[in-house]
Amino acid sequence: MKTLLLLRHGKSKRGPEYATDLERPLAGRGKRDSQRVGELLAEEDLVPDQIISSPAERARQTALRCAVAADYQGTIRFERTLYMSGDNAYLELLWALGDSIGSVLCVGHNPDIESVIESFCRQYVRMPTAALARIDFDIESWKEVYEGGGRLIWVRLPRER
Numbered sequence: 323m324k325t326l327l328l329l330r331h332g333k334s335k336r337g338p339e340y341a342t343d344l345e346r347p348l349a350g351r352g353k354r355d356s357q358r359v360g361e362l363l364a365e366e367d368l369v370p371d372q373i374i375s376s377p378a379e380r381a382r383q384t385a386l387r388c389a390v391a392a393d394y395q396g397t398i399r400f401e402r403t404l405y406m407s408g409d410n411a412y413l414e415l416l417w418a419l420g421d422s423i424g425s426v427l428c429v430g431h432n433p434d435i436e437s438v439i440e441s442f443c444r445q446y447v448r449m450p451t452a453a454l455a456r457i458d459f460d461i462e463s464w465k466e467v468y469e470g471g472g473r474l475i476w477v478r479l480p481r482e483r
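Mapping of the sequence shown onto our numbering: residues 323 to 483, in sequence order.
Below you can see the structure in the form of structure tokens.
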């Protein structure tokens with residue numbers, strides 16, 4: 323069994339002071355929600371074996387705050403392919419994971435996060451900022467992941483925590 327946790331980045335700031343979309347940081351609410359996600363992962367004994375994040379500042383901050391709150395002991399990988407690259411990028415990323423990794427948390431953006439859930443689980447789920455989805459795959463190797471092969475276990479919204 324393999325577990326994919328998908329986290330949309332927390333609420334971010336907007337404004338002319340950010341030259342590019344990649345530079346936008348988390349807003350106060352996004353910081354709080356990111357920490358709550360980490361606390362939830364720790365409480366539910368779901369601290370992942372690997373965290374992979376988009377390099378966008380708001381996703382980086384989300385991943386870091388979540389990791390600290392969950393007491394995650396590994397390193398966080400930052401992958402450009404998780405920044406607005408589509409659901410195929412997630413599939414290829416999962417295929418490349420080692421089989422010793424039982425669970426992975428991917429921190430990314432919409433519309434990709436919603437698209438990945440729809441692709442893997444064949445159902446649409448709305449993912450507002452800081453929403454966390456758990457998808458289980460009944461497989462031994464990440465190379466066995468395929469579209470439609472996942473089972474959506476739950477989606478946790480920030481206001482539910």
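We put the beta carbon where it would ideally sit given N, CA and C, even for glycine. As the structure is a prediction and not an experimental result, all values here were calculated from the model.
Could you give the DSSP three-state label for residue i: helix, strand or coil?
{"i": "Arg387", "result": "helix"}
{"i": "Gln445", "result": "coil"}
{"i": "Ala378", "result": "coil"}
{"i": "Lys324", "result": "strand"}
{"i": "Gly352", "result": "helix"}
{"i": "Leu479", "result": "coil"}
Measure how close the beta-carbons of residue i and residue j come, nearest whole angstrom, since I'm counting them as under 8 Å.
{"i": "Leu413", "j": "Leu326", "result": "Actually they do not touch by this definition, with Cβ atoms about 11 Å apart."}
Which residue wins for smallest C-alpha separation from residue i, given the options the options?
{"i": "Ser376", "options": "Val467, Ile439 and Ile435", "result": "Ile435"}
{"i": "Ser407", "options": "Leu348, Glu339, Ser437 and Glu361", "result": "Ser437"}
{"i": "Tyr468", "options": "Val359, Glu440 and Asp393", "result": "Glu440"}
{"i": "Ile373", "options": "Ala385, Pro338, Trp464 and Tyr405", "result": "Ala385"}
Residue i CB to nearest chain C CB: under 8 Å?
{"i": "Pro377", "result": "Chain labels in this structure do not include chain C; a single protein chain is all it has."}
How many angstroms separate the CA atom of residue i from the CA atom of residue j?
{"i": "Ala342", "j": "Arg380", "result": "Note that residue 342 is Thr in the sequence shown here, rather than Ala. Whole-angstrom Cα-Cα distance: 12 Å."}
{"i": "Glu366", "j": "Ala411", "result": "28 Å"}
{"i": "Leu419", "j": "Gly472", "result": "16 Å"}
{"i": "Val485", "j": "Gly360", "result": "Residue 485 falls outside the range modelled here, since the chain spans only 323 to 483, and no answer is possible."}
{"i": "His331", "j": "Gly350", "result": "13 Å"}
Problem set entry | Runs of beta strand (DSSP E) lying entirely within the stretch 390-439, each at least 3 residues, in chain order | Listed in chain order, the complete beta strand (DSSP E) runs (minimum 3 residues) inside the stretch 390-439 are 398-400 and 425-430.
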